[in-house]
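Chains as they are written, first to last, in full-length UniProt numbering: chain A, 1 to 289; chain B, 1 to 408.
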């Protein structure tokens, strides 16, 4: 078993990128009780906005990293105010249908604006190239992805556990009526949380842009992976998203390295095993957690 | 939809009637309709778009010069979504509801394997312009299905001939985990072993799932296994990801013989720019710079003129298929499905990739695979050029009909 180090780093990199994306899905579900099928499309928007700023307008990567996710969040506010708010009180299946439609609208809009060509964004010079790590070359950009994932992880933990905004979000998730009775403007909380989830997807998209090809189908791929993570980790759970993402990252990283012939099967095998022994996911507490 | 078609029909009839004042009454007839089924959404949508470009170009040229059998031509497009069931449904809609005269399309081997057995029930000829699995002109062949593009055995015979000339002895593969990836390795391995029995076909291979995005674990695995030669059938966006990640890991600095079976696709070269390494073997179903003939000169010029970029192989296949139908319909003197299908059998035509014959025994076009070594960037087209281009003799690389499993 040689190459254990690179496989571990590779798993961590994939896992943390998936975490940044999937945690947004989970936060939105936790507070809004909506399964947002359009989450992958928002990730794609982040990547395309990044591509526009970096490759078309020639702006630095760092400016794209700061502004592109905000653009995605603004679009999310519009989606929430114009469409989603009408279905908050309805059955969860309605939200699935509506967000699925939103996903199709975003995907086709992107395709008609940017075309269906394969696009590539290059990492900034400082993150380009490789370093020698544990005896093998390792891309600097991958280390940056790991660092970004850890920063966001720490930031989210701080937000939920140490700040007033985080407590309000948790309160709204637990009991919206009670929160309203305590003079919390839940409508703003709801819109804010949806925009925040979209912002996370957008950050994931910009981070992914220099390492993955950009095309109008990238949102559909990531939403399937995000659902696998959520099923493994537990729907609506913050630590669940982390655990699910790290497990899926490890399945890809170690599975692809040591059991390449099973790479189609392993993610679904992992999901099936979790469903068999803990149907609500590793950290899940049931549908209303 | 029905209403739209009726209206459409009226408009074109009126247009045709106006035109017919000058050209006689024949033009007042209904247009000839083609139904085209390609991937038009999702990650591989770029392939469908390229096919569309080729078809639109051919149709424009044909309509400008009098149409087919003095009738104008129109095309209806359907999205296969890369799924066999969707493609079958699309073909039925095109045949029964839109009353198309002939069908063409298919971007994926998996879709082709599912779709081809259902073609005879439609009683319309079907020309495959992209999917490469040997099965559709092999054990799944039928009297209505043809293929104008290079298939896996043709391309892998050519690849094995090149591989046999190199010093590499230990060969492995990286390819997508479905029919195309596995069949590429199977045919490449068999041909190479036949030509050069001392080669070793390694146990350690890598078949990442299609759309895997991160190929790092697979690349590391192959590098650790220490091969001398690698045949890579990863394609499309996956190939762009693969090459960028392989660059990072120093994969191209190890002295391997590297051969990409669909590496010279212009959409991939376009996305990669100079990130595509120099000095690796690249192939494609059709390389625009490999053929010196009148049809190719005209096609490349018209394409550059219309779209401003070098034509992709998928555009060429689709473009040539429309001309194949033109020739077959004119030979048959009718657009009747079974008659046109019959006229295609054994037909020889001048396509951009040379003189092409549809072999009667299995309906596979005798086409010439091309390989070349990636060279300097093209000053105008912004993609890598191919040097040392090898265009193979169709007869030399095709399977004998007896080996295809097709009995027509």
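Each residue gets a CB set at the ideal place from its N, CA and C atoms; glycine is no exception.
Model, not experiment: these values are computed from the prediction.
Start-to-end residues for the beta strand (DSSP E) that takes in residue i
{"i": "residue 349 of chain B", "result": "348-351"}
{"i": "residue 137 of chain A", "result": "136-139"}
{"i": "residue 170 of chain B", "result": "170-174"}
{"i": "residue 390 of chain B", "result": "384-391"}
{"i": "residue 91 of chain A", "result": "Careful: residue 91 of chain A lies outside any beta strand (DSSP E) and carries neither H nor E."}
{"i": "residue 376 of chain B", "result": "370-377"}
{"i": "residue 259 of chain B", "result": "257-260"}
{"i": "residue 34 of chain B", "result": "32-38"}
{"i": "residue 127 of chain B", "result": "126-128"}
{"i": "residue 145 of chain B", "result": "145-147"}
Chain A contact for residue i (CB, 8 Å cutoff)
{"i": "residue 46 of chain B", "result": "yes"}
{"i": "residue 184 of chain B", "result": "no"}
{"i": "residue 22 of chain B", "result": "For residue 22 of chain B, the pLDDT reaches just 43, beneath the cut-off of 50, and the residue's location in the model is therefore unreliable, although a value from the coordinates is still provided. False, the Cβ-Cβ gap to chain A never drops below 8 Å."}
{"i": "residue 179 of chain B", "result": "no"}
{"i": "residue 258 of chain B", "result": "no"}
{"i": "residue 27 of chain B", "result": "Caution is warranted here: a pLDDT of 49 is assigned to residue 27 of chain B, below 50, making its placement in the model unreliable, and no coordinate value can be reported."}
{"i": "residue 49 of chain B", "result": "yes"}
{"i": "residue 240 of chain B", "result": "yes"}
{"i": "residue 442 of chain B", "result": "It is not possible to answer for residue 442 of chain B, since the shown part of chain B is limited to 1 through 408."}
{"i": "residue 106 of chain B", "result": "no"}
{"i": "residue 375 of chain B", "result": "no"}
{"i": "residue 337 of chain B", "result": "no"}
{"i": "residue 237 of chain B", "result": "yes"}
{"i": "residue 404 of chain B", "result": "no"}
Cβ separation of residue i and residue j, assumed to be a contact under 8 Å, to the nearest whole Å
{"i": "residue 92 of chain A", "j": "residue 35 of chain A", "result": "6 Å"}
{"i": "residue 218 of chain B", "j": "residue 129 of chain A", "result": "Actually they do not touch by this definition, with Cβ atoms about 21 Å apart."}
{"i": "residue 192 of chain A", "j": "residue 43 of chain A", "result": "Actually they do not touch by this definition, with Cβ atoms about 19 Å apart."}
{"i": "residue 22 of chain A", "j": "residue 189 of chain A", "result": "Actually they do not touch by this definition, with Cβ atoms about 21 Å apart."}
{"i": "residue 6 of chain A", "j": "residue 136 of chain A", "result": "5 Å"}
{"i": "residue 435 of chain B", "j": "residue 57 of chain B", "result": "Lying outside 1 to 408, the shown extent of chain B, residue 435 of chain B is not represented and no answer is given."}
{"i": "residue 348 of chain B", "j": "residue 356 of chain B", "result": "7 Å"}
{"i": "residue 54 of chain B", "j": "residue 315 of chain B", "result": "3 Å"}
{"i": "residue 277 of chain B", "j": "residue 374 of chain B", "result": "7 Å"}
{"i": "residue 213 of chain A", "j": "residue 211 of chain B", "result": "So it is not a contact: roughly 10 Å between Cβ atoms."}
Contact with chain B by residue i, beta-carbon distance below 8 Å
{"i": "residue 116 of chain A", "result": "yes"}
{"i": "residue 3 of chain A", "result": "yes"}
{"i": "residue 289 of chain A", "result": "Its pLDDT being 37, under 50, residue 289 of chain A is placed unreliably by the model, and the measurement read from it follows with that caveat. Not one chain B Cβ lies under 8 Å of residue 289 of chain A."}
{"i": "residue 130 of chain A", "result": "yes"}
{"i": "residue 6 of chain A", "result": "yes"}
{"i": "residue 120 of chain A", "result": "yes"}
{"i": "residue 176 of chain A", "result": "no"}
{"i": "residue 111 of chain A", "result": "yes"}
{"i": "residue 277 of chain A", "result": "no"}
Terminal residues of the alpha helix (DSSP H) in which residue i lies
{"i": "residue 315 of chain B", "result": "313-332"}
{"i": "residue 232 of chain B", "result": "Residue 232 of chain B -> not in any alpha helix (DSSP H); beta strand (DSSP E) instead, spanning 229-232."}
{"i": "residue 344 of chain B", "result": "337-344"}
{"i": "residue 356 of chain B", "result": "Note, residue 356 of chain B: premise wrong, no alpha helix (DSSP H); beta strand (DSSP E) at 354-358."}
{"i": "residue 228 of chain A", "result": "218-233"}
{"i": "residue 38 of chain A", "result": "Premise fails: residue 38 of chain A is in no alpha helix (DSSP H) and is neither H nor E."}
{"i": "residue 61 of chain A", "result": "61-82"}
{"i": "residue 187 of chain A", "result": "186-208"}
Residues that residue i contacts on chain C, provided the C-beta gap is smaller than 8 Å
{"i": "residue 137 of chain A", "result": "In summary, chain C is missing from the structure at hand, where the protein chains are A and B."}
Notebook entry, point to check: When Cβ atoms are compared, which residues of the region 300-318 of chain B fall closer than 8 Å to chain A?
Noted result: none
Item checked: Positions along the region 74-87 of chain A whose CB lies within less than 8 Å of some CB in chain B -> none
Next item on the list: Could you list the residues in the region 213-224 of chain A with a C-beta less than 8 Å from some C-beta on chain B, going in chain order?
Entry: 213, 215, 216, 217, 218, 220, 221
Next item on the list: Residues of the region 244-273 of chain A with a CB closer than 8 Å to any CB of chain B: list them in chain order, please.
Entry: 252, 253, 254, 255, 256, 257, 258, 260, 261, 263, 264
Margin query: Please identify, using Cβ separations under 8 Å, the residues of the region 193-213 of chain A that lie next to chain B, in order along the chain.
Written below: 211, 212, 213
Notebook entry, point to check: the region 196-224 of chain B: which residues have C-beta closer than 7 Å to a C-beta of chain A, in chain order?
Noted result: 206, 207, 208, 209, 211, 213, 214, 216, 217, 218, 220, 221, 224
Notebook entry, point to check: Mind listing which residues of the region 264-277 of chain B have their C-beta closer than 9 Å to chain A's C-betas, in chain order?
Noted result: 267, 268, 270, 271, 272, 273, 275
Next item on the list: With 7 Å as the limit, tell me which residues of the region 8-20 of chain A have their beta carbon closer than that to any beta carbon of chain B; keep them in chain order.
Entry: 10, 14
Next item on the list: Any chance you could list the alpha helix (DSSP H) runs of at least 4 consecutive residues sitting entirely within the region 95-163 of chain A, in chain order?
Entry: 140-162
Next item on the list: Return the chain-ordered ranges of every alpha helix (DSSP H) run that is complete within the region 175-239 of chain B and spans a minimum of 4 residues.
Entry: 179-195, 216-224
Check: Enumerated in chain order, which unbroken segments of the alpha helix (DSSP H) with a length of 4 residues or greater are wholly contained in the region 54-117 of chain B?
Finding: 84-92, 109-115
Next item on the list: Would you list, in sequence order, the uninterrupted beta strand (DSSP E) runs of no fewer than 3 residues that lie entirely inside the region 242-302 of chain B?
Entry: 257-260, 281-284
Item checked: Selection of the region 157-171 of chain A by Cβ proximity to chain B, strictly under 7 Å -> none
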